Structures are given as C-alpha cells and as structure tokens.
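A.B. asks: A single structure is presented below for examination.
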Amino acid sequence: MKNLRLLGLPLLLAGCAALPPASPLATRPGTTATLALLETTDLHGNVASYDYYKLSPDPTLGLERTAALIRAARAQYANTLLLDNGDTIQGTALSDYQAVVAPLPCSETLGIYKVFNALGYDGGGIGNHDFNYGLAYLNQVTGSRFDVEGVDPERSGCAGPRFPLVLANVISVKSGKPLFRPYAILERKIAVTGPDGKPAQAGIKVGIIGFTPPAILTWDKRHLEGKVTTIGVREAAERYVPEMRAQGADLVVAISHGGLDDSPYTPALENGSWQIARVPGVDALLIGHSHQVFPNAASKAAQFNLPGVDKVRGTVHGVPTVMAGLWGKQLGVIALQLKHDGGKWIVDRERTTVEARSIDAGAADTTVPQLIAAEHAATITYVRTPIGSTDFRMSTYFADVGDVSAIQVVNQAQADYLGAYVKANLPQYAALPVLSVASPFKTGSSGATDFTDVAPGSIALNNAADLYLYPNSLSGVKVDGAGLKAWLEKAAGRFNTIDPRRQDEQELVNASFAGFNFDMPTDARLRYEIDVTQPVGRRIVNLRFEGKPVPSTQAFLVATNNYRAAGGGGFPGLDGGNIVVAAPDNNRDVLIAYIKRHKELRRAVNGSARSWHFAPVRTAGPVVFHSAPGKAALAAGLAGVRELRADDGAGRGLAVYAIDLAP
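Per mature numbering (1 follows the signal peptide of the UniProt record, and there is no 0): the sequence shown = residues -26 to -1, 1 to 637.
Structure (structure tokens):
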C-alpha cells in the first residue's frame, strides 16, 4: 500500500502498511527517498469550519478542512512529518471559552491539541499569540513543566499534546534555561528505494527547532516581564543547529514563527526567518506569523521579493521554505528529495518541491468536529449571551474609507474606561484630554467573509468579540501633539500614494499594511484630513482639537491596547516608555461592560462621529478599493462610493468599489 507515514506513529487519516524488512541496500550510496514536511500555521484556534462571531458555518477555513489535505498528502507520499508552526491556541471564541470563561482542568486536553493528537502531529512550534493567556495557562495546556516565577508546580505535567513542542529563543529568567525544549530529534524509519531500484526501509533522524518573535516581551509584557527573556533567532539557530547535528540529526527543520525581513539584523528582529535560512545546516524552513501564502509567484508582498527569496520555487537562500497562510486555509508541503551518500542523507534541492495547497470548501474530515463537539456546543451557548442592543448595523466593510459604525463604540468604551481610571487613580493626569484610537481588525484580507458585521437588534457576546477580535489589555499612553500627529501619519500608511493625473485605476489601500494597524480616533473634538496624494509621513493636514490647531506640545492621554502601546506595529514614539496606565482589564471586557451599562446603542450617539476625511482631490481616473460585494447601501453615509465590479478576479470573493475623492 502507498498510504504510509513514518512508521510507529498514530494514524487517523492515512492507511497503514508494513514496510519491507531492513536491507543493507537502504544505507548504501545511491539510496533515495522522499520525505514530505506538512505544515499548518497560524490556526488561531480555528478547529471547526465555523464562525463563532457570525454563528454560522464557514467552509473557507478550519482544521477540519485542512485535515482532508493532510489525508491526501499522506496518500501521495509514503513518508510524511506533520508539524505546526504556532499561534495555535488563541484566536476564536472557542479559544477564549477554554482559557477564560470555563478554564480547562489540568486533566483535560485543550480542544485543538486533542485534534492534533488524533491527527498524529509529529511536532510543533510556539507563536507569539500562544503567550496571550499567560505563562501559567501555556504551561498547563502544553503539558509542560515551566521553571518560571508565577507558575504553580501543581499545574505542571497536565494533559497536553502527545508530540514535542520546541522553542529555542525564549529563556526562563529563574533557571536561565529555555522555556520549552529548544529542539527535538525525531527518529523514524522511512520507505526508501535502494540503488538497485528495489523498495526497502532505512532510518533517519530529523531535528526540529522552534523560534518565536522576540517582541513577545513587549506585546505580552504584563504576562512575561521578569519571568522570561529572549535571544535573537539567529543567535539561537547558530547555537543549537550544530548541536543538533552533533547529536546525529540527518536533517534540520527550522519552525520559525516569523516572516521574512532583510533589515539590518538585531536580536529583537520580529521577522527573522530570512536570517535563519542563512545559518549553515538548516535543510528546510517552515515559516508563519505574517498570514501570507508562500510560495506564491503572483505575490506582491515585499517580504517575498527580497534578495535570495524565490517566490516561485519556494526557497530562501536556497533553503526550501513554506508558509501555509492562516486559519487552516492552506497546508504547506515541502517534498524533500533525499539521497544517501553512504554516510549521511543529502537534500537534492533542485528536485525538491514546495507548495501551499488550498483547502476545498466542499471537502472536510468529519471526524474532526466530533472530537470537539462538547467544547463547540458550549462555546456557542456562551457567545449567544445577550448584553445589549443596537439600532444600527456595525460593520467594517467601508472602514477604510471612513465608516466608523464598528469603530466608535470601541473608542467610546476605551476612552470612558481610561478617563474613569485616571480620575480615580492618577489625579496628576486628570486635566489632560482623553482620546482613544481603535482599528478595524477585519478588513477583508482573508476574503469576503473577513469583515465585522453586527446586525441591528440584540447584541450578544459574540458580537462584542466581532467588534474587538483580540484578547489585548487596555493601555493608556501620554503623547504630545507632535506624537499624536506622528501616530496618525503612521496609520495613514494604510493608503497608497494617489497620482491625480493617472487615468487608469489606482488602488487606494496598501494591501501590505494590515487593517489592524489603521488606528483611528472617532471623537467630534478631534478633526483632520488625510491627503493621499502626499507621500507617507506627510499626509495629516488640518489637525485640530476643539476647533483649534493642535500645538506640538499639547498633551493628551490616548486609550489603546497593550500591543500598540508597547511597540506593536512600529508606531513612532510608542515603545512602552510612555504608558501611564497598564490596565488589568482586556479591551474586549471593557467594551462588553460599556455596552451592558449603556444597554441601547444608537447611530447618532455611537456610530457616526468621524474624526477624519480624505483631503479633497479630483483624479483623472478611478480610485478603487475592495470589499464584500453587494454592500454599497452600507456606504450610504459616505459620499462618492459605488460598486464597479462584483468580482475583483482574485478568487477571494471581493468586489471592486470606487471612491470619488472630490465628492
């Protein structure tokens, strides 16, 4: 039979058959084999093909559909290793339910790890979002024994994944040792072809090593400060890869939860995978964090067009490399072509193939939902809990061009919380104006269903989670007028520079600038325009507060989240040094409390206060952007927006809209 994985591992999705007896030919020069590395990454808790925010099935995502790709890959390749890249345990209402609402007992396995165990994963890495619920929770659900301050030894050794999790660059302050094991060496028997062309079996040792962005120390400062530290990914690779080789690893696979960046290297570099590929001894690279697909010949992402990156063949400095998107939408497959020279296995890079396979919306593995049926049902019951009502539709379909229907209430909740906190605890700041910024987390980057959309009527917990997607904690920062303008200038990088003289279509939105970095205030006291004809950094004009130009020295308190306040997104002046409030409460909980307190949301009060507009400019040709089709009526309050084409042709179900910048 052909449906073989590496021998001795649990199988759910593949058939099983005995390999031929061992043969001396198996290790003689000329013996060949194919070993397929299968990658999932940035699953973010998406086990079921289900949108808990919309309370409806979503066949465009979910591990239950990735599982069908895994089954097919195992049928195709006799030898496979299934590895996860991280950002696994956080991201859905199911994740929050198990972590916060009904905390998992030590004896129970986390839902997504339960599925991983059943699917027979061979190993995994740790992403930055895996730290979002704190070290004690991460220690428990990974079945680890962290030697760090704040982790109860009684909560160690709990149920977790039945495969090694590796992470080389996060170190316990208490012990001076890596938090997780830095690497693991998987010893397997594989099906091979001897020099005479006959089938046989042979042994192989595959080393896996994990890396995560060092910026976790700022992004999750409240959980990690004083407990762990990091080393640079390049330093970690240079230390451990030779050690892995010395311990007999035939191959080294780097599981790097980071994208590609050729900036001058520092140990704090967020996306260090480009650097890891240059470390001698790395045979394959599994990357993530950026939520992109690689290889992708058509990609215009800057990171895939760097020196040494082949976006067609899927290599970085010659190293086979794959990134499998996000949310289970793709499965990364690196088919390593191996040849034994009599002493060791050699990767034939010319014959090795790399691809990211997309899921089929009609193909799912029916066993996966059954594994989390109880958790799934409990989560749905939880998210249906009503907390208030709204008389208007709150969506992000047109947030990029000024609709604040899903933004203003978040800002109101954050500003209200910060103002009350300062009044009660920090009287020295009580005279400062309090502002708030929020961003549209869901702006269609993953397709037509990737938008916030809360219908008029009852507001439930799932709607609040749709309005505020991430489990950030609220932070308050002190900035002056110059700092506020710089903040808004950075956010205006969301837009491309528009040439008014061009007659062809121009894309308004810079697709490589994430929607969650498009921070905007929604405060009638603060007004400004964004001039998209100007270069980045010179776009904010007519910035006024209470009708007067904002002096560069005027002080403000701004409510935001811990990610932004601590440097997330690289906003000027935001590096953690000007935080005056590091709240114990999550932004989402702050929003929920605000809605519960006010009970009824009304558009006039909670959904129409725009602080910014585009500076008027008349263009010779159309300026276009992309959103879900058939939603033009929701842009009724925005002048000059119309749908041009119901399908933009990119295969994500988005339509093309035009905006008149001089309505």
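Note that the Cβ used here is the ideal one computed from N, Cα and C, for glycine as well.
Predicted model, so just to flag it, every value in this text is computed and none were measured.
Please return the same chain residues whose Cβ sits closer than 7 Å to the Cβ of G85, not counting the five positions on each side in sequence.
C.D. replies: V21, L68, Q72, I346 and E349, listed in sequence order.
A.B. asks: For E199, which three-state DSSP category applies?
C.D. replies: Coil.
A.B. asks: What residues match up with L259 in a beta bridge as DSSP calls it?
C.D. replies: Paired residue(s): A228 and T295.
A.B. asks: Please give the ranges of any beta strand (DSSP E) in the stretch 526 to 607, keeping only runs that are unbroken, at least 3 residues long and fully inside the region.
C.D. replies: 529 to 535, 553 to 560, 586 to 588 and 597 to 601, all fully within the stretch 526 to 607.
A.B. asks: Report the rounded CA-to-CA distance for E5 versus V227, giving the unit in angstroms.
C.D. replies: Checking the sequence shown, residue 5 turns out to be Thr, not Glu. Between T5 and V227, the C-alpha separation is close to 21 Å.
A.B. asks: Tell me whether L243 is buried or exposed, calling it buried when 16 or more other Cβ atoms sit within 10 Å of its Cβ.
C.D. replies: Flag for L243 reads buried.
A.B. asks: If we count the other Cβ atoms within 10 Å of its Cβ and call it buried at 16 or more, is Q477 buried or exposed?
C.D. replies: Per the 10 Å Cβ criterion, exposed.
A.B. asks: For the alpha helix (DSSP H) containing R39, name the first residue and the last one.
C.D. replies: R39 -> alpha helix (DSSP H) spans L37 to Q50.
A.B. asks: To the nearest whole angstrom, what separates the beta carbons of A434 and T359, a pair I think is in contact under 8 Å?
C.D. replies: About 6 Å separates the two Cβ atoms, so the contact holds.
A.B. asks: Please work out which residues of its chain come closer than 7 Å, Cβ to Cβ, to P(-6), disregarding the five sequence neighbours upstream and downstream, and give them in chain order.
C.D. replies: Reliability fails at P(-6), whose pLDDT of 39 lies under 50, so the model's placement of it is uncertain and the value that follows must be treated cautiously. Counting only Cβ-Cβ distances below 7 Å, and skipping sequence neighbours, we find nothing.
A.B. asks: Please classify T192: does DSSP put it in a helix, a strand, or coil?
C.D. replies: In this structure, T192 counts as helix in the three-state DSSP scheme.
A.B. asks: Are the Cβ atoms of H197 and G233 separated by less than 9 Å?
C.D. replies: The answer is no: Cβ separation not under 9 Å.
A.B. asks: Could you tell me the distance, in whole angstroms, from the CA atom of D505 to the CA atom of S585?
C.D. replies: Distance between the alpha carbons of D505 and S585: 14 Å.
A.B. asks: Helix, strand or coil for I164? Go by DSSP, reduced to three states.
C.D. replies: It is a strand residue.
A.B. asks: Skipping 5 residues on each side, what residues in its chain have a beta carbon closer than 7 Å to that of residue 639?
C.D. replies: Since the first residue of the chain shown is -26 and the last is 637, residue 639 is not available in this structure.
A.B. asks: Compute the distance between the beta-carbons of I261 and M297, then report whether it is under 9 Å.
C.D. replies: Contact flag set, yes.
A.B. asks: Compare the beta carbon distance of T167 and A429 with 9 Å and say whether it is the shorter of the two.
C.D. replies: No. Outside cutoff.
A.B. asks: Can you tell me which of the three DSSP states L(-15) falls into?
C.D. replies: For L(-15), the pLDDT reaches just 35, beneath the cut-off of 50, and the residue's location in the model is therefore unreliable, although a value from the coordinates is still provided. Correct three-state label for L(-15): coil.
A.B. asks: In terms of alpha-carbon separation, which member of A485, G550, V384 and A613 lies closest to S273?
C.D. replies: Among A485, G550, V384 and A613, the Cα nearest to that of S273 belongs to A485.
A.B. asks: Can you list, in chain order, the residues of its chain whose CB lies under 7 Å from that of N113, leaving out five sequence neighbours each side?
C.D. replies: Answer for N113: F120, V125, R129 and S130, listed in chain order.
A.B. asks: Any chance the stretch 419 to 427 sits against the stretch 491 to 508, with 3 or more Cβ pairs inside 8 Å?
C.D. replies: With the cut-off at 8 Å, the stretch 419 to 427 and the stretch 491 to 508 do not touch.
A.B. asks: Ignore the nearest five residues each way along the sequence and tell me which others in K88's own chain have a CB closer than 7 Å to its CB.
C.D. replies: For K88, where only same-chain residues beyond five positions count, the Cβ hits under 7 Å are L345 and I346.
A.B. asks: Compare the C-alpha of S413 against each of A373, L458 and V256 and name the closest.
C.D. replies: Selected option, being the one with the closest Cα: A373.
A.B. asks: Can you tell me which residues form a DSSP beta bridge with A632?
C.D. replies: A632 is bridged to V598 and R616.
A.B. asks: Could you tell me whether the Cβ atoms of N91 and P138 are closer together than 9 Å?
C.D. replies: Not a contact, by the Cβ cut-off of 9 Å.
A.B. asks: Helix, strand or coil for A309, going by three-state DSSP, please let me know.
C.D. replies: Residue state, collapsed to three classes: strand.
A.B. asks: Within 10 angstroms of its Cβ, does A498 collect 16 or more other Cβ (buried), or is it exposed?
C.D. replies: By the 10 Å Cβ count, A498 comes out exposed.
A.B. asks: On the CB-based measure, 16 or more other CB atoms within 10 Å of its CB, does A(-13) come out buried or exposed?
C.D. replies: In this prediction, A(-13) has a pLDDT of 33, which is less than 50 and means its spatial position is unreliable; what the coordinates show is noted afterwards. Classification for A(-13): buried.
A.B. asks: Where does the unbroken alpha helix (DSSP H) through A211 begin, and where does it stop?
C.D. replies: A211 -> alpha helix (DSSP H) spans V207 to A220.
A.B. asks: May I have the straight-line CA-CA distance separating A49 from A41, to the nearest angstrom?
C.D. replies: Distance between the alpha carbons of A49 and A41: 12 Å.
A.B. asks: Could you give the DSSP three-state label for H314: helix, strand or coil?
C.D. replies: DSSP places H314 in strand when its eight states are reduced to three.
A.B. asks: In whole angstroms, what is the alpha-carbon distance linking G625 and T34?
C.D. replies: Between G625 and T34, the C-alpha separation is close to 12 Å.
A.B. asks: Would you check if the distance between the CB atom of V342 and the CB atom of T327 is smaller than 9 Å?
C.D. replies: No; because the gap between Cβ atoms is not below 9 Å, this pair is not in contact.
A.B. asks: Touch check for the stretch 594 to 604 and the stretch 377 to 397: three-plus C-beta pairs under 8 Å?
C.D. replies: Contact fails: fewer than three Cβ-Cβ distances are below 8 Å.
A.B. asks: Residues in its own chain within less than 6 Å of P156 by CB, not counting five upstream and five downstream?
C.D. replies: Cβ within range, chain order: A142 and Y214.
A.B. asks: Is it right to say S369 is buried, meaning 16 or more other beta carbons lie within 10 angstroms of its own, or is it exposed?
C.D. replies: Buried: at least 16 other Cβ atoms inside 10 Å.
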